[in-house]
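Chemist: For any residue, its number in the working numbering is found by taking its place in the sequence shown, counting from 1, and adding 3. Handing you this structure, nothing more for now.
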Amino acid sequence: MRYFSTQPEAEAWVCQALLLIGQGLPLAGTLVSLVVYFTSWLERISPSLRPKTQIQYEQVVNKHILPSLGHLSLQELKADQIQELYRLKRQAGCGHRTLSLINGILYHALEDAVAYGLIFRNPVRQIPKLRQPYHEQKVLSLDQVKVFLQVCQGTRWEALFCLAITSGMRAGELLGLLWSDIDWERGRLKVLRQLQRIPSQGLIYSEPKTVSSRRNISLGSEMM
């Protein structure tokens, strides 16, 4: 259902909708709101998402996208409105990671809308790529690593910290290891899972982040 302040506004919308339908756009493409579309889109893709990713998507959509754009229909959404959303989010203090998540979710959701025939083109494609600010990566020097490992000696965390430094594994991967993952004869371990904290569920084991994250890591004799 659509509502308008005046009869001329309603008539103008009807004419525009009929024009779009004549060009091949289905009626749903002129009517469905972003609230309705994103709600159904999230339900549709949720089985393919990891639990933490699903929660993250829902938070981004409900906190950042719909409060600003939810009153629009799919057909009304334009590139300049999306850019204005990014400007307001930067002004509100959102960092590059949050903006990238908003941009990525909008892009994939609207690509699906194009594939479903609900819109002709994806407005996110018209927006320049977000620039990543440069941050110099801070790492420990060799001397700092030696001091760190000396301090760790004899503690219950010694093996964990030594493995973190020598293997480069992520924290979730380290905490997801089981004794059965270690190949004592070949001196290596298998990364098969990671430990994640999921809101309202607590700590759970989940699949590695990517296919390449499932890997074998060779360990030196000292580490073994």
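The C-beta atom is built at its ideal place from N, Cα and C for all residues, glycine as well. Since the structure is predicted, the reported quantities are computational estimates derived from the model, not experimental observations.
For Ile105, report the span of its alpha helix (DSSP H) as first-last.
Modeler: If you number the sequence shown from 1, residue 105 lands on position 102. It spans His99 to Ala118 - the alpha helix (DSSP H) in which Ile105 sits, taken as one unbroken run.
Chemist: Between the stretch 68–76 and the stretch 36–55, can you find at least three pairs of beta-carbon atoms closer than 8 Å?
Modeler: Segment contact: the stretch 36–55 against the stretch 68–76, three or more CB-CB distances shorter than 8 Å; contact assigned.
Chemist: Put Lys149 into one of helix, strand or coil per three-state DSSP.
Modeler: Locating residue 149 in the sequence shown gives position 146, counting from the first residue. Of the three classes helix, strand and coil, the one that applies to Lys149 here is helix, per DSSP.
Chemist: What I want to know is whether the C-beta of Arg218 ends up closer than 7 Å to one or more non-hydrogen atoms of the ligand FMN.
Modeler: This structure does not include the ligand FMN; it has no bound ligands of any sort.
Chemist: Provide the residue span of the beta strand (DSSP E) that contains Val194, from first to last.
Modeler: For the purposes of this step, residue 194 is identified with residue 191 of the sequence shown, where counting begins at 1. Element bounds for Val194: Arg191 to Val194.
Chemist: Using only the alpha-carbon positions, how far apart do Thr213 and Glu176 sit?
Modeler: Here residue 213 corresponds to residue number 210 of the sequence shown, with the count starting at 1. Here residue 176 corresponds to residue number 173 of the sequence shown, with the count starting at 1. Roughly 12 Å between the two C-alpha positions.
Chemist: Assess, as a yes-or-no matter, whether the stretch 161–176 is touched by the stretch 194–203 under the definition of 3 or more beta carbon pairs within less than 8 Å.
Modeler: The count of Cβ pairs closer than 8 Å, one atom from the stretch 194–203 and one from the stretch 161–176, reaches three, so the stretches are in contact.
Chemist: May I have the straight-line CA-CA distance separating Leu77 from Lys55, to the nearest angstrom?
Modeler: The residue given as residue 77 occupies position 74 in the sequence shown. The residue given as residue 55 occupies position 52 in the sequence shown. So the two alpha carbons sit approximately 27 Å from each other.
Chemist: According to DSSP, simplified to helix, strand and coil, what is Asn125?
Modeler: The count along the sequence shown starts at 1 and reaches residue 125 at position 122. Residue state, collapsed to three classes: coil.
Chemist: Residues in the same chain with beta-carbon distance under 6 Å from Phe164, minus the five sequence neighbours each way, listed in chain order, please.
Modeler: The residue labelled residue 164 in the question sits at position 161 within the sequence shown. Cys155, listed in sequence order.
Chemist: On the three-state DSSP scale, how would you describe Gln62?
Modeler: For the purposes of this step, residue 62 is taken as the residue at position 59 of the sequence shown. Reduced to three states, the DSSP call for Gln62 is helix.
Chemist: Would you report the Cα separation of Ser49 and Leu222, rounded to the nearest angstrom?
Modeler: Along the sequence shown, one-based indexing puts residue 49 at 46. Along the sequence shown, one-based indexing puts residue 222 at 219. When rounded, the distance between both Cα atoms is 37 Å.
Chemist: Taking all protein chains shown into account, decide if Val127 is buried (16 or more other Cβ within 10 angstroms of its Cβ) or exposed.
Modeler: Against the sequence shown, residue 127 aligns to sequence position 124. Buried, since its Cβ has 16 or more Cβ neighbours within 10 Å.
Chemist: Could you pull the start and end residues of the alpha helix (DSSP H) that Ser170 belongs to?
Modeler: Here the question's residue 170 lines up with position 167 in the sequence shown. Here the alpha helix (DSSP H) through Ser170 covers Glu161 to Ser170.
Chemist: Pull up the distance between the alpha-carbon of Thr158 and that of Met227, whole angstroms please.
Modeler: For the purposes of this step, residue 158 is taken as the residue at position 155 of the sequence shown. For the purposes of this step, residue 227 is taken as the residue at position 224 of the sequence shown. In a straight line, the C-alpha of Thr158 is about 17 Å away from that of Met227.
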